[in-house]
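> The structure under discussion is supplied below as structure tokens; questions concerning it will follow.
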Amino acid sequence: MERELVVKKIRRGTVIDHIPAGKALQVLRVLGIDAADGQVVALVMNVESSKLGRKDIVKIEGRELSKEETGIIALIAPTATINIIRDFQVVDKYKVSLPHIVVGRFRCSNPICITNMPGEPATYRFVLVREEPPILSCDYCGRYHTVEELMGSIT
Amino acid sequence: MAWRGRDVITALDFDRRDLEELFEVAREMEAYARSRRDVLRGKVLAVAFFEPSTRTRLSFETAMKRLGGEVVGFSGPEGTSAEKGETFADTIRMLDAYADCIVVRHRAEGAAKLAAEIAEAPVINAGDGASNHPTQAMLDLYTMWRTFGRIDGLSIGVMGDIRHARTVNSLIQSLSNFDVSLYLIAPETLYPRREVLDLMERRSVRYVVVDNAKEVIGKLDVLYVVRIQKERFLDPLEYERVKGSYRVTPELLSRGKPHLLVMHPLPRVDEIDPAVDSTPHAGYFRQASLGVPLRMALLYMVLGE
């Protein structure tokens, strides 16, 4: 139980805990959550953590993220834990793990990749080829991307 | 993996058993490369070259005709519906309705993979951007296999623009199935891409990267040469300074082993001195001529009954 709550508990939804300090906004970006969605989201940044020293926390009210959705968080915040909340209780808790495939979230940085040709039905798709640090290969042209490179081309 | 109906998209999709099986069939096809063997009668090959090509397109067309099949297609987007703005995907859907197999060359990287996802007919990648040229790699390895009777144990130098040449990318992918030593010879600006370095590391390929052929020429069984294009250099003076170091001359070859085989995917411009043509080292014309039996074998294995 948290001793002091910076933001109140949520009734139902997802708490993403143990995000490395300063990465919370990137976590929201990679999840594709922004203010325009009307989603109730609480961001806690730079709070003390026994594991990480400092950490960020993201609370998403009213939305339970699936394991498929949360895998992508591991690219930004490999230490993150996901807590699924119902009636103020944690009903599921797990550590994020790197996704083997990421579909549709990032653009390929290769200007002559078929996925960047207008009108062609090729979906952006990346395959994890290295874990530490993560390297993802475009499934069409094979070009490698670091997470930083991918974050610059978020769809 | 079974060959029939198989797409040929990247060299990595073919392991050494696949390649050795292909080479055995290609060896048989050599006897028919100047005659006919009507094993694909009634089959239609669509040759969709959105980018110009001489050797690859003509060797596919010749191979199909020698096997008794028919060829339809185009060379360059001019006069096709691509010029009117039709998507690549729609052109492929149309060809899929007409033909039993589609050979594709396109400037977009990953185009052949997309074509394979769309088409029910098998798709053969005849070059996509700087990415892949798997049938050239098959031909290159076949030339080595025919010349030396093996690929394992060979020391192979690859010289020139190893950063941007799709033939080199596919060649290294294919060679990673065998126990070879690679010597990558290029100016620093054209060193291999991280994707290629990573592949060699993951597949435990022995390799060194050097910037001068003279350092390693004595160790090589094969010297595979690709062109260095002036446009790749930000500073034209840099190009003028380095280009001579990546030119194959009789003088360079005199330092090599007597059986050293010089290969080149062609066309060459000035990276091989014409004086090399008449030496026993010149393997590039034979390499080009083996393109027909190799592609006959490939088409037969993908399309044959």
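First to last, the sequence lines map onto chains H and R.
Note that my numbering gives residue 122 to position 122 of the first sequence, counting from 1, and the numbers run on in steps of one.
Start counting at 1 in the second sequence, then tack on 1000, and there's your number in my numbering.
Note that the Cβ used here is the ideal one computed from N, Cα and C, for glycine as well.
(1) Closest to V40/H by CA distance: which of P134/H, E68/H, K9/H, I19/H is it?
(2) Can you give me the Cβ contacts of E2/H inside the same chain, cut-off strictly under 7 angstroms, excluding the 5 residues immediately before and after it?
(3) Provide the residue span of the alpha helix (DSSP H) that contains I1185/R, from first to last.
(4) What is the DSSP secondary structure of G942/R, reduced to helix, strand or coil?
(5) How long is the line joining the alpha carbons of I60/H and I135/H, rounded to whole angstroms?
(6) Ends of the beta strand (DSSP E) at I1156/R?
(7) So does the stretch 1261-1270 of chain R actually touch the stretch 132-152 of chain H, counting three or more Cβ pairs closer than 8 angstroms?
(8) Counting contacts by CB-CB distance shorter than 8 angstroms, is M117/H in contact with chain R?
(9) With a threshold of 8 angstroms between beta-carbons, can E2/H be considered close to chain R, or not?
(10) Cβ of T1167/R less than 8 angstroms from any chain H Cβ?
(11) For E1083/R, return the contacting residues in chain H, with the cut-off set at a CB-CB distance below 7 angstroms.
(12) Report the residues of the stretch 1091-1108 of chain R with a CB closer than 7 angstroms to any CB of chain H, ordered along the chain.
(13) Counting C-beta neighbours from all protein chains within 10 Å, is the total for K55/H 16 or more, i.e. buried, or is it exposed?
(14) Examine chain R for any beta-carbon lying closer than 8 angstroms to the beta-carbon of E120/H, and answer yes or no.
(15) Check M1263/R in the structure and name its three-state DSSP category.
(16) According to the Cβ coordinates, are R1107/R and I72/H closer than 8 angstroms?
(17) Would DSSP call Q1287/R helix, strand or coil?
(18) Nearest-angstrom Cα distance between V1025/R and Y124/H?
(19) Taking any Cβ of chain H, which residues in the stretch 1185-1206 of chain R have a Cβ under 9 angstroms from it, in chain order?
(20) Secondary structure at N110/H, three-state DSSP: helix, strand or coil?
(21) Does the stretch 1287-1295 of chain R touch the stretch 1133-1149 of chain R, meaning 3 or more C-beta pairs lie closer than 8 angstroms?
(22) Helix, strand or coil: which one does DSSP assign to R11/H?
(23) Can you list the alpha helix (DSSP H) stretches of 4 or more residues lying completely in the stretch 48-117 of chain H, in chain order?
(24) Say whether the stretch 1127-1138 of chain R touches the stretch 1162-1174 of chain R, bearing in mind that this needs 3 or more beta-carbon pairs closer than 8 angstroms, one atom from each stretch.
(25) Could you pull the start and end residues of the alpha helix (DSSP H) that P134/H belongs to?
(26) What residues from the stretch 142-153 of chain H come within 8 angstroms of chain R, judged by C-beta to C-beta, listed N to C?
(27) Are the C-beta of Y124/H and some C-beta of chain R separated by less than 8 angstroms?
(28) Just how far apart, CA to CA, sit I85/H and T79/H?
(29) Using DSSP with H/G/I as helix, E/B as strand and the rest coil, what is L31/H?
(30) Could you tell me whether the stretch 1250-1260 of chain R touches the stretch 1229-1236 of chain R, using the rule of 3 or more Cβ pairs below 8 angstroms?
(31) Can you give the beta carbon distance from G1157/R to L1223/R, rounded, assuming they're within the 8 angstroms contact cut?
(32) Would DSSP call E1231/R helix, strand or coil?
(33) With H, G and I counted as helix, E and B as strand and the rest as coil, what does DSSP make of E1070/R?
(34) Compute the beta-carbon to beta-carbon distance between M1029/R and P1293/R, rounded to the nearest angstrom, for a pair I have assumed lies under 8 angstroms.
(35) To the nearest angstrom, report how far apart R1066/R and T115/H are at their CA atoms.
Judging by the given coordinates:
(1) For V40/H, the closest alpha carbon among the candidates P134/H, E68/H, K9/H, I19/H is that of K9/H.
(2) With a pLDDT of 48 at E2/H, under the threshold of 50, the modelled position of this residue cannot be trusted; read the value that follows with caution. Taken in chain order, the list of residues that qualify is empty.
(3) First-last for I1185/R: 1181-1185, but that is the beta strand (DSSP E), not the alpha helix (DSSP H).
(4) The displayed coordinates of chain R run from 1001 to 1305. Any statement about residue 942/R would go beyond what the structure contains.
(5) When rounded, the distance between both Cα atoms is 28 angstroms.
(6) Annotation: the continuous beta strand (DSSP E) that includes I1156/R extends over 1155-1159.
(7) No contact exists between the stretch 1261-1270 of chain R and the stretch 132-152 of chain H.
(8) At least one chain R Cβ lies under 8 angstroms of M117/H.
(9) Note that E2/H scores a pLDDT of 48, beneath 50, so its modelled location is shaky; the value from the coordinates is reported in the next line. E2/H is outside the set of residues whose beta carbon lies under 8 angstroms from a beta carbon in chain R.
(10) The beta carbon of T1167/R does not come within 8 angstroms of any beta carbon belonging to chain H, so the residue lies off that interface.
(11) Taking a Cβ-Cβ cut-off of 7 angstroms, E1083/R has no neighbours in chain H, whose nearest Cβ is about 14 angstroms from it.
(12) Taking 7 angstroms as the Cβ-Cβ cut-off against chain H, the residues of the stretch 1091-1108 of chain R that qualify are R1107, A1108.
(13) Looking at its Cβ environment, which holds 16 or more other Cβ atoms inside 10 Å, K55/H is buried.
(14) E120/H counts as touching chain R.
(15) Three-state result, M1263/R: strand.
(16) No, the Cβ-Cβ distance between R1107/R and I72/H is not below 8 angstroms.
(17) Helix at Q1287/R.
(18) Taking the straight line joining both Cα atoms gives about 38 angstroms.
(19) Within the stretch 1185-1206 of chain R, the residues whose Cβ lies closer than 9 angstroms to some Cβ of chain H are R1193, R1194, E1195, D1198, R1202, listed in chain order.
(20) Residue state, collapsed to three classes: coil.
(21) In this structure the stretch 1133-1149 of chain R lies against the stretch 1287-1295 of chain R, because at least three pairs of beta carbons, one per stretch, are closer than 8 angstroms.
(22) When secondary structure is reduced to three states using DSSP, R11/H falls in the coil class, being assigned neither helix nor strand.
(23) Within the stretch 48-117 of chain H, the complete alpha helix (DSSP H) runs of at least 4 residues fall at 67-70, 73-76.
(24) Under the 8 angstroms Cβ criterion, the stretch 1127-1138 of chain R counts as touching the stretch 1162-1174 of chain R, having at least three qualifying pairs.
(25) Where P134/H is concerned, there is no enclosing alpha helix (DSSP H), although the beta strand (DSSP E) around it starts and stops at 134-138.
(26) Within the stretch 142-153 of chain H, the qualifying residues are G142, R143, Y144.
(27) Chain R, which has no Cβ nearer than 8 angstroms to the Cβ of Y124/H, makes this no.
(28) Answer to the nearest angstrom: the Cα atoms are 19 angstroms apart.
(29) Here DSSP, grouped into helix, strand and coil, assigns L31/H to helix.
(30) Counting Cβ pairs under 8 angstroms, fewer than three are found: no touch.
(31) Correct: roughly 5 angstroms between the Cβ atoms.
(32) Judged by DSSP in its simplified three-state form, E1231/R adopts helix.
(33) Strand at E1070/R.
(34) With 8 angstroms as the limit, M1029/R and P1293/R qualify as a contact, their Cβ atoms being about 4 angstroms apart.
(35) Looking at the two C-alpha atoms, the distance is approximately 36 angstroms.
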